[in-house]
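In our numbering, the protein residues as written are 4 to 151.
Reading through the structure tokens given below for one structure.
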């Protein structure tokens, strides 16, 4: 039986290197991720923390794989909503590939255990975040600036 998952694919008029840079630079992240940013060195085995703009921890985990500018895998758990945190760990795989002159970004977020709340949350969050990322990289401005 397959684990609960969410997959999102977008095409961005830029290079895989620029997508990678945007995914891993905390200053750029704040622009498209509604003020949130990651703290890590992006090396396999390193801790990873996603923080809200006020410094509170939103999510935490570990870098499992890091292959710039192609692939990033993070073991990920929500830390701020108890009912979501209770569902445990997930695995987020980000794949960046050149595709017909643009960058194809695929996000696959899979729960390691059972449950629906975590996948429901990322299903609402990833499209907004990635729409902002795409807009930022293509136009220099995010689609909207609502707080997450």
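Backbone N, C-alpha and C fix where the C-beta goes; we use that ideal spot for every residue, glycine too.
Computed from a prediction, not measured in an experiment: that's the story for all the values here.
- Counting C-beta pairs with one atom in each stretch, the region 135 to 144 and the region 111 to 127 have fewer than three that are closer than 8 Å, which means they do not touch.
- DSSP, reduced to helix, strand and coil, places residue 72 outside both helices and strands of the structure shown, so it counts as coil.
- When the Cα atoms are used, residue 32 and residue 21 turn out to be separated by approximately 12 Å.
- Relative to residue 84, the option among 135, 101, 112 and 63 whose CA is nearest is 63.
- Boundaries for residue 89: no beta strand (DSSP E) harbours it, and the DSSP string shows neither H nor E there.
- The alpha carbon of residue 43 has as its nearest neighbour, out of 58, 24, 66 and 10, the alpha carbon of 66.
- For residue 79, the closest C-alpha among the options 70, 69 and 91 is that of 91.
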